[in-house]
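Quick note on numbering: full-length UniProt numbering labels position 867 of the sequence shown as 867, and the sequence is numbered without any gaps. All remarks here apply to the structure that follows.
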Amino acid sequence: MTSYNEADTRAKLIDPQLKLSGWGENQIEREHYFAKRQQITAGRIYLVGDQSRRRQPCRVDYLLRYQGQAIAVLEAKDESHSVDAGLEQAKAYARKLDLPFAFASNGHSFIEFDFFSSCSQELSTFPTPQQLWQRWETYRQGKVKSGRVAENGGNYGVLSVNPLLYPVCPESQCGKVPRYFQEVAIRRVIERILKQQRRILLTMATGTGKTFTAFQIVWKLKQSGWLRKPILFLSDRLILRDQSYNTFAPFVAPSADPRGVIEKGKFNSNRELYFALYQALDALKEGESLFSQIPADFFGLIIIDECHRSGFGKWNGILQHFTGAIQLGMTATPKQDESIDTYAYFCAEESEIPLDPDDNSKGTWKPPAYQYSLGQGIDDGFLATYKVHKVRTTVDKNGLHLQEARIQGAEIYIPEDVEPRQQYLTGQFEREITLPDRTKTMVSHLAGLLRQFGEREKTMVFCVDMTHARLVARLLQNEFAELGYSNYAVPIVSEEGEAQAWLEQFQDSDRLTPIVATTAELLSTGVNVPSCRNIVFMKPISSPILFKQIIGRGSRIDPATGKEWFRIIDYVGASRLFDQWDRPIGELPQAITGARTSIIEGRVIHGDTEEFLVGASVSALIGVNQQLSPILTDDNGYFRLEALPAGKIRLFLRGNGFRSREITLETAENETLTVVLALNSVKPPVGKIRVEGLEVTIADEVTFIVDATGEQLTLAQYLDYTKAKIRGYVPNWSQLHQIWIDSEQRKLLLRELTTASVYIEVLGEVLAQPKADQFDLLAHIAFNKPIHTRDERVEAFLNYEQWYLEAQTEEAREVILGLLDKYRLAGIEEIVNPEVFRLSPFQEMGQIKGVILRLGTMENLRQIFREIQQKLYRQ
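The following block contains the structure:
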């Protein structure tokens with residue numbers, strides 16, 4: 001009897017057993033169901049030259065759900081395999097989907113791996129939905145504290161009050177279905193809430209749907225009836241607030257809108273979903289805040305968007321007031337030195353795990369509830385991949401010496417209040433010293449790139465400040481004036497009255513203009529422009545967080561325009577900040593222990609006049625997740641912080657009209673430290689030195705290619721990489737030649753090279769030899785052989801093989817010459833492709849059947865293929 005193949009094994013052996021155990025085949029049939037051949041990723045996008053391609057998506061044979069909650073995966077193999085043949089694959093999928101059970105089957109029995117016990121067992125029948133759920137519940141309830149598990153006091157596990165089992169908002173209402181990683185994030189957050197955890201952090205890369213994930217969390221909590229109190233969604237930018245407000249639109253009912261915006265000092269207590277800028281809550285008038293007027297127990301959940309932007313001194317006062325609420329922080333950046341306080345605060349209640357599971361000596365850390373990085377998003381095919389184009393001008397490479405500029409005849413303008421430096425480097429350009437010639441050179445070069453890449457491709461240019469952004473926009477507008485668009489390039493900066501309208505038009509994939517948006521910081525976070533294909537750095541940055549936020553502007557895929565990858569065009573060395581983005585960085589600071597007998601007291605003064613500052617805010621961070629609430633200085637500028645531990649204490653000072661300040665002080669046991677701290681007023685910007693008449697050119701230019709492993713390679717490194725790969729498969733030129741003239745061996749070699757990210761189309765681009773023969777490109781790179789074009793090889797064929805052509809019949813000669821013309825256009829693989837016979841002149845010959853009639857037999861056609869290949873590549 002013939003064994004069933006895998007498809008028949010699933011349909012005829014496995015499906016019936018699942019149904020006998022109570023699993024339905026689709027969601028409509030019953031609440032507990034399995035989905036077959038479920039696609040969980042989109043398939044990674046990779047580049048061949050400037051053309052994007054997708055790898056095969058990841059699919060699981062069976063994804064089993066209990067009341068909509070994913071609970072297990074099952075991998076099937078045909079019945080000729082052992083029962084455990086698919087178990088490792090199932091375990092890998094279960095880890096990716098964060099599920100507790102992985103199964104494999106050959107149709108005759110099942111093998112289960114339980115991640116709770118780390119044990120496997122063979123089963124004759126498949127577990128029922130209730131059995132799997134009960135095992136999961138038993139494990140989880142062992143971790144849930146006794147007491148409050150539902151805000152309304154309902155029994156945990158009852159569908160009406162169990163948010164885990166309440167379905168997500170359906171696609172018909174919200175327009176999309178959560179992706180696998182969003183499901184994991186939703187579940188992990190709700191599980192922590194059910195454990196009475198009060199502080200939770202989600203770290204998800206830009207473009208992966210943090211706001212949508214937060215919406216689904218709120219949907220399950222509110223619609224299940226578990227959370228009765230209102231929620232507050234906090235943002236620090238108007239764009240982010242409005243986007244989140246719109247994301248929560250599915251909550252709107254025909255009779256009422258539960259959403260409310262807190263602004264202009266007004267608070268309506270009759271809403272369920274509140275959206276606010278932290279600035280709107282933080283101030284009413286001097287010494288008072290709006291949030292302090294709202295009862296401390298009013299909100300049940302507070303969501304803080306982009307929470308890495310310094311909670312201490314911004315969110316912290318609000319969160320300390322609503323300390324009883326669940327506080328969910330969301331960020332797009334991994335733990336860095338810049339965001340260490342954010343992780344300390346929101347991850348304080350997480351369990352400690354090793355920084356490196358394979359090396360415990362590296363210490364431990366408390367991770368966020370869930371992390372999903374830019375690299376994971378690219379690998380799964382949900383985010384666009386990228387290519388890096390790095391450019392330096394001569395002044396960026398060498399720096400600028402004012403004395404040398406004078407000698408060269410440049411005009412230098414130095415404001416009276418400025419003490420010039422001896423040398424200026426990239427970090428000072430357009431901040432301390434304006435170089436119009438440098439900007440013109442960069443813009444002219446960028447215009448050339450845009451003409452090469454596509455002058456109608458949406459582009460974001462990040463500039464130093466608003467003045468710089470306006471200049472770059474004006475120069476780019478002039479560069480492309482011939483297109484006839486009055487708003488080809490526009491500055492989108494905070495002070496532009498038309499900025500909001502331009503931004504909305506720029507975000508719309510269906511709108512042709514504006515094409516280029518220049519900005520200083522306004523577009524760095526929270527702005528969705530899926531069609532943006534070029535991210536341009538003309539602004540030096542040192543912050544890895546800001547860098548990742550900016551490149552996130554290009555990481556979204558845009559089906560409307562076919563965009564699947566983007567370019568990073570870097571004029572200022574910002575791309576050096578690609579570093580360890582996919583794993584935790586550094587360790588959290590250690591908590592300060594011991595007696596709290598230290599005191600810090602002192603006065604806060606005006607940095608210029610030395611007058612006492614009244615109402616200045618002073619707060620102290622004394623350890624991991626330990627911050628004292630802010631106090632205000634009195635009429636004499638005096639403050640006193642008591643019950644402090646001995647050690648390093650970080651103070652945060654704020655005052656209206658003054659620059660915020662952070663300072664670290666050292667305290668000792670049983671001692672009082674007296675200090676005088678100055679705050680400097682926000683002053684008008686100091687004038688900039690201006691240098692005109694410089695000769696600025698492009699000093700060097702490098703393109704980076706991202707290979708299959710995600711590593712960035714310069715073109716020179718890519719050629720070295722390619723050489724090593726070729727010589728790994730074929731150690732000498734003679735062997736390469738023998739392989740190349742055999743079509744089957746050639747296909748195998750090309751397949752191996754493609755798997756290793758060696759694309760011959762890219763080699764022609766890198767070497768500026770688009771018409772070169774593929775064989776010659778490989779031979780040149782690996783064995784330093786001369787490059788020949790396809791035209792040259794055809795001409796050599798016609799010259800050296802005249803006797804061969806004359807020996808053919810006229811019909812055969814026409815076929816050979818036709819194939820040579822096709823080779824001349826597209827290469828050797830074109831002429832061995834059967835589809836070539838659908839083209840002229842073979843179409844007129846009757847396509848492949850007519851060609852075979854001309855030559856007599858199919859074998860005669862194969863012989864011509866072999867002879868053409870041998871003679872084109874004669875030694």
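Note that beta-carbon positions come from the ideal geometry of N, C-alpha and C, so glycine has one too. The model shown is predicted, which means the values in this text are computed figures rather than measured ones.
How big is the Cα-Cα spacing for Q17 and R140?
In this structure, the alpha-carbon of Q17 lies about 28 Å from that of R140.
At what residues does the beta strand (DSSP E) containing H389 begin and finish?
Judged by DSSP secondary structure, H389 falls within the beta strand (DSSP E) whose first and last residues are 385-393.
Rounded C-alpha distance that separates Y33 from L64
CA-to-CA, the gap between Y33 and L64 works out to about 6 Å.
Hey, quick one: how far does the beta strand (DSSP E) through N268 stretch, first residue to last?
Element bounds for N268: n/a, residue is neither H nor E.
Based on the DSSP output, what are the partners of R53 in its beta bridges?
According to DSSP, R53 bridges with Y46.
Per DSSP, what kind of secondary structure is residue 880 in: helix, strand or coil?
The structure shown does not extend to residue 880, since the chain is modelled only from 1 to 875, so the question has no answer here.
Within 10 angstroms of its Cβ, does K145 collect 16 or more other Cβ (buried), or is it exposed?
Low per-residue confidence applies at K145: pLDDT is 41, beneath 50, and the placement is therefore not dependable enough to give any value.
Complete alpha helix (DSSP H) runs within the stretch 442-508 (minimum length 4 residues, chain order):
Inside the stretch 442-508, DSSP marks whole alpha helix (DSSP H) runs of 4 or more residues at positions 466-479, 499-507, from first to last along the chain.
Straight-line gap, E814 to V766 (C-alpha atoms, nearest Å):
Taking the straight line from one Cα to the other gives about 36 Å.
Taking the C-alpha atoms as reference points, what is the distance between R271 and D282?
Distance from the CA atom of R271 to the CA atom of D282, rounded to whole angstroms, is 20 Å.
For A756 and I726, I'd like the C-alpha separation in whole angstroms.
The straight-line gap from Cα to Cα measures roughly 10 Å.
In the structure shown, what three-state DSSP assignment does L673 receive?
The three-state reading of DSSP puts L673 in strand, counting E and B together.
By a C-beta neighbour count over all protein chains shown, 10 Å radius and 16 as the cutoff for buried, is L514 buried or exposed?
Sequence check: residue 514 is Pro here, not Leu. Classification of P514: buried, given that the 10 Å Cβ count is 16 or more.
So, for G409: in the same chain, excluding its five sequence neighbours on each side, which residues have a beta-carbon less than 7 Å away from its beta-carbon?
Cβ neighbours of G409 beyond the five flanking positions: G693.
Would the stretch 417-426 count as touching the stretch 458-474 if we require 3 or more Cβ pairs under 8 Å?
Proximity of the stretch 417-426 to the stretch 458-474 falls short of the contact definition, fewer than three beta-carbon pairs being nearer than 8 Å.
Distance, T754 Cα to E338 Cα
Confidence is the limiting factor: at E338 the pLDDT is only 49, short of 50, which leaves the residue's position unreliable, though a coordinate-based value still follows. Near 40 Å, if we compare the C-alpha coordinates of T754 and E338.
How about L202 and A185: do their beta carbons lie closer than 8 Å?
It is a contact, given that the beta carbons lie within the stated cut-off.
Proximity winner among G856, P530, I551, A344, relative to T364 (alpha-carbon distances):
Of the listed residues, the one whose Cα sits closest to T364 is A344.
Could you name the residues of the same chain whose beta carbon sits closer than 6 Å to that of D465, not counting the 5 residues immediately before and after it, in chain order?
A520, listed in sequence order.
Between K12, Q51, R10, which lies nearest to Y759 when the distance is taken from Cα to Cα?
Relative to the Cα of Y759, the nearest Cα in the group K12, Q51, R10 belongs to Q51.
In whole angstroms, what separates the C-alpha of G484 from that of N478?
Looking at the two C-alpha atoms, the distance is approximately 10 Å.
Using DSSP with H/G/I as helix, E/B as strand and the rest coil, what is L74?
In the structure shown, L74 falls within a strand segment according to DSSP collapsed to helix, strand and coil.
Under three-state DSSP, which class holds Q17?
Q17 falls in the helix class under three-state DSSP.
Taking just the CA atoms, how far does G377 sit from Y180?
Rounded to whole angstroms, Y180 to G377 spans 11 Å at the Cα level.
Validate contact between the stretch 636-653 and the stretch 600-618 using beta carbons, cut 8 Å, 3 pairs
Yes, the stretch 636-653 is in contact with the stretch 600-618.
Which class does P354 belong to by DSSP, given the choice of helix, strand or coil?
P354: strand per DSSP, three-state reduction.
Below 6 Å CB to CB, which residues in the same chain sit around N487 once its five sequence neighbours on both sides are set aside?
Excluding residues within five positions, the ones whose Cβ falls inside 6 Å are T513, P514.
Just how far apart, CA to CA, sit Y62 and A76?
Computed Cα separation, rounded: 8 Å.
Is it true that the CB of I600 sits closer than 8 Å to the CB of L641?
Closer than 8 Å, so yes.
By Cβ distance below 8 Å, which residues in the same chain neighbour T125 in space, the five residues on each side in sequence not counted?
Once the five neighbours on either side are set aside, the close Cβ partners of T125 are Q17, L20, S21, F110.
Three-state secondary structure (DSSP) of Q802:
Q802 falls in the helix class under three-state DSSP.
Cutoff 6 Å; reference I702; Cβ partners in own chain excluding five residues on either side
Going by the sequence as given, residue 702 is Val instead of Ile. For V702, where only same-chain residues beyond five positions count, the Cβ hits under 6 Å are K390, T714.
Three-state class that DSSP yields for H108 in the structure shown
Of the three classes helix, strand and coil, the one that applies to H108 here is coil, per DSSP.
Give me the Cα-Cα distance between Q808 and L778, rounded to the nearest whole angstrom.
The alpha-carbon atoms of Q808 and L778 are separated by roughly 32 Å.
Spatial distance of Q67 from G24 (CA atoms):
Between Q67 and G24, the C-alpha separation is close to 11 Å.
Please work out which residues of its chain come closer than 7 Å, Cβ to Cβ, to T561, disregarding the five sequence neighbours upstream and downstream, and give them in chain order.
Cβ within range, chain order: S509, S531.
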